[in-house]
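The numbering of the sequence shown is the numbering used here, which starts it at 57 and goes up by one.
Glycine included, each C-beta is placed from N, C-alpha and C at the ideal position.
Small disclaimer: the values here were computed from a predicted structure and weren't measured.
The structure appears below as structure tokens.
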Amino acid sequence: VDYREDATNAELHATRNRLRHTVLPQLREENPSVDAAIRGLAESARELFRSVERSAALAQPRDRAPGSVVFELETLRALGSEARLLLLEREAAFLRAEVDANRTRLRNLDEVLSSGAGRVVFGGLTVEASVGLARLSSGLDDEDAPEIPEQFVNIPGITRAGERVLQAATEPFPDDTAAPPAAAVPADRIEGALRLRALAPRDRMQFRGYRRKVSGILKSARVPAWERGGLIALAGRENVVAVLGASVAIADGGDEDDCYYFRIAPPPQAAPPLRVDGG
57 VDYREDATNA ELHATRNRLR HTVLPQLREE NPSVDAAIRG LAESARELFR
107 SVERSAALAQ PRDRAPGSVV FELETLRALG SEARLLLLER EAAFLRAEVD
157 ANRTRLRNLD EVLSSGAGRV VFGGLTVEAS VGLARLSSGL DDEDAPEIPE
207 QFVNIPGITR AGERVLQAAT EPFPDDTAAP PAAAVPADRI EGALRLRALA
257 PRDRMQFRGY RRKVSGILKS ARVPAWERGG LIALAGRENV VAVLGASVAI
307 ADGGDEDDCY YFRIAPPPQA APPLRVDGG
């Protein structure tokens, strides 16, 4: 086994030198082929690692966004621990996040991927599993959702919903593939004044003939956990009648003649200041 020559190579207090000057000579006396065996073992390890690298390189995400990347859950499940760690380091470089991995966290990740739900924090990188997906996100992307004050809904009209607006209409919105999805709510489902508020963990709504937990409805609709924090609930006196978000619109209705229509949209852009040139 070749090694670099320097002034400290003869000092036996260093483990590397005891291996070179004491252990290896004794091994050669017992087995003259030990050098070839060690080289073969090193080459086998390199070949095995190349296979791990290929596995990690072939695992590609289904979606990228600023601060996060989303994989199919099965993509990460199929990788071994070494390939997963390489993938975490690769994606952390894209997200400009630091990875702090150890055996316990990798074992926890294996359990989360097996169960299909939960999260593991690797320093500046968080891995979260939900509804068949796995999201890797930087710490900056996991900030709390903005607060949504409860208020009455203007029908028809626009109601402020935190940093967004709720649009309400008595007729269906014009077809526009670029617009956020809309929910149709039968008028007779709304008891009392309609209010918008943040979605609460114990919320329930009438859906497909049953009064069900909203969390279960969202899970069935494959809305991942990381998208639920920013959802808005429309509620009457007791029950939620619709759940809305940038890409979510869930309500139980739409076939009735007498419906109200709702969707969430970004706030309108302010008009640029009027410039008057003197002269």
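query                                                                                                   : result
Segment limits, alpha helix (DSSP H) that includes Q82                                                  : L80 to E86
8 Å contact criterion, which L135 and A115 should meet: CB distance rounded                             : 6 Å
CB contact flag (L252, Q207, <8 Å)                                                                      : yes
Inter-residue spacing [alpha-carbon to alpha-carbon] between S186 and T71                               : 47 Å
CA nearest to the CA of A239, picked from N164, A149, I320 and G180                                     : I320
Length at least 4, wholly inside the segment 93 to 158: the alpha helix (DSSP H) runs in chain order    : 129 to 133 and 137 to 151
Entirely enclosed alpha helix (DSSP H) segments - the segment 263 to 302, minimum 4 residues            : 270 to 276 and 281 to 284
Terminal residues of the alpha helix (DSSP H) in which T71 lies                                         : T71 to R74
Residue environment, R278, which counts as buried when at least 16 other CB atoms sit within 10 Å       : exposed
For D313 and L143, the rounded distance between their alpha carbons                                     : 52 Å
Cβ shell of E227 (< 8 Å), same chain only, five flanking positions each side left out                   : Y317
When D231, R220 and A190 are compared against L165, the one with the closest alpha-carbon               : A190
Endpoints, the beta strand (DSSP E) within which A239 is located                                        : A239 to P242
Proximity of L132 and R140 at Cβ, strictly below 8 Å                                                    : yes
Buried versus exposed call for F150 [16 or more other C-beta atoms within 10 Å across all chains shown] : exposed
Under 8 Å between C-beta atoms of G188 and L97                                                          : no
Coil, strand or helix - E219 by DSSP                                                                    : coil
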